[in-house]
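Per this note's numbering: the sequence shown = residues 273 to 651.
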Amino acid sequence: MTIDQVKKPTTVGHPNVPQTLGFLLLDNFTLISLASAIEPLRMANQLAGRELYRWYTLTQDGSPVRASDGLHVTPDASMHAPLTLDWVVVCGGVAPQHSVSRDHLHWLQAQSRQLRRLGAICTGSWALGQAGLLDHYETSIHWECLASIQEAFPKIVLTTRLFSIDRDRFTASGGTAPLDMMLNLIAHDHGKELSAGISEMFIYERMRNEQDQQRVPLKHVLGTTQPKLLEIVALMESNLEEPLELDELASYVDVSRRQLERLFQRYLHCSPSRYYLKLRLVRARQLLKQTPLSIIEIASVCGFVSTPHFSKCYRECFGIPPRDERLGIHTRQKYEKSPPLLKRWGVEPATSSEPASSALLALAYAQGEPTFASVPLVT
């Protein structure tokens, strides 16, 4: 699917009628993704000297919503306000599974019936997927949620691209990826010169396209200097349910087992077996936090022959058994009403009358993320 196949809204062709976007903010949405999506629209209007786009921020009932960094955002309106929208963009962030209500789903389905362009940024694709609005559509989502969304909504055609534009659906993975997606959509609707001007105003050297991929952490660290190692890790990531033997991995990339072990020790500072085990446990942690799969099912999906062995490995790696990890999801949802939880993670207010800062509240939420404390800091 190419951007030329995007269905244009009815307002295109009427130069004096701006396209109207509604940004549906889910609880704990990521502010950087929202800004990356809206700022290109603002600059498009500025450079064009007229209103090409207008937008509204929406929440379920019009009440303020908290971003993932702890800042409160007051929306323009409730999603049920009588607005005529051309595009609807769902803005997700931390734990989208717990931010989507039945009311959200019904409203999104109604927007689809009215032939809206439907989009999502960061983890907002989860809401569209849960509403059944991404079945058989190519979809991008933040790499951290790839495993869980595939498990929950198998009819979605997932990609690892920064963003995807498929017919009247557009999805971006998060961070600054919505900026690239919007620049491409603006170029499609109003010409490449305008999108190039926006890039210049934002000092954005290269507008990425649909072929650009998300860079997973290992690729980000190693770049292209160790293609054999990247290939081996890719094989490991593709074979978590039925782990490959080290001799098999070595033969697939045409290196000896000894060479394989040296590569891992030199660049990843652990044995291949240890790294493989950590990949399986990280996937298990994502599934524990993001899906309703039982612990027995998760152990099987992640290549463990028994639940006790899985629990033992999990506790050794993360310092907590799988059952307690899962219970933490429900506890975290009530953190605002539970001072002991803030104290547990060392983020209590300085005095009883002083509210916790936005940064500290964001840290309390971040504790539940699969990547929390996953990178040791050198002191």
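The beta carbon of each residue, even a glycine, is placed where N, CA and C say it ideally should be.
Residue from the options whose Cα sits closest to the Cα of residue i
i, options, result
"residue 391", "457, 510 and 332", "457"
"residue 319", "381, 473 and 301", "473"
"residue 403", "386, 374, 567 and 420", "374"
"residue 364", "524, 429 and 303", "303"
"residue 313", "408, 399 and 459", "459"
"residue 661", "564, 348 and 545", "Outside the displayed span of the chain (273 to 651) sits residue 661, for which this structure offers no information."
"residue 368", "387, 379, 317 and 424", "424"
"residue 481", "531, 523 and 412", "412"
"residue 532", "310, 505 and 331", "505"
"residue 337", "296, 557, 446 and 560", "296"
"residue 331", "597, 376, 441 and 426", "376"
"residue 298", "387, 389, 310 and 393", "393"
"residue 421", "586, 321 and 563", "563"
"residue 547", "593, 517 and 379", "517"
"residue 346", "566, 301 and 379", "301"
Unbroken alpha helix (DSSP H) run spanning residue i, endpoints
i, result
"residue 546", "544-562"
"residue 572", "567-573"
"residue 304", "303-320"
"residue 525", "Where residue 525 is concerned, there is no enclosing alpha helix (DSSP H), given that its DSSP letter is neither H nor E."
"residue 415", "Per DSSP, residue 415 belongs to no alpha helix (DSSP H) and is neither H nor E."
Close Cβ partners of residue i (< 6 Å) along its chain, the five nearest in sequence each way excluded
i, result
"residue 608", "Unreliable positioning characterises residue 608 in this predicted model, as indicated by a pLDDT of 40, which lies under 50. The coordinate reading is nonetheless provided below. No residues qualify anywhere along the chain."
"residue 348", "328 and 329"
"residue 571", "579 and 582"
"residue 306", "363"
Cut-off 8 Å between Cβ atoms - residues of its own chain near residue i, not counting five sequence neighbours on either side
i, result
"residue 498", "535 and 539"
"residue 356", "292"
"residue 588", "none"
"residue 415", "432, 445, 486 and 488"
Beta-carbon proximity of residue i to residue j, cut-off 9 Å
i, j, result
"residue 417", "residue 395", "yes"
"residue 315", "residue 463", "no"
"residue 451", "residue 340", "no"
"residue 443", "residue 406", "yes"
"residue 428", "residue 408", "yes"
"residue 353", "residue 371", "no"
"residue 597", "residue 561", "yes"
"residue 440", "residue 389", "yes"
"residue 515", "residue 557", "no"
"residue 476", "residue 502", "no"
Bounding residues of the beta strand (DSSP E) (the contiguous stretch that carries residue i)
i, result
"residue 438", "435-438"
"residue 343", "Taken as a continuous stretch (DSSP letters only), residue 343 belongs to no beta strand (DSSP E), as it is neither H nor E."
"residue 586", "Not the beta strand (DSSP E): residue 586 falls in the alpha helix (DSSP H), residues 579-590."
"residue 242", "Since the first residue of the chain shown is 273 and the last is 651, residue 242 is not available in this structure."
Sequence-distant residues of the same chain with beta carbon closer than 7 Å to residue i, five excluded per side
i, result
"residue 500", "525, 527 and 535"
"residue 555", "419, 512 and 574"
"residue 333", "350"
"residue 529", "518, 519 and 522"
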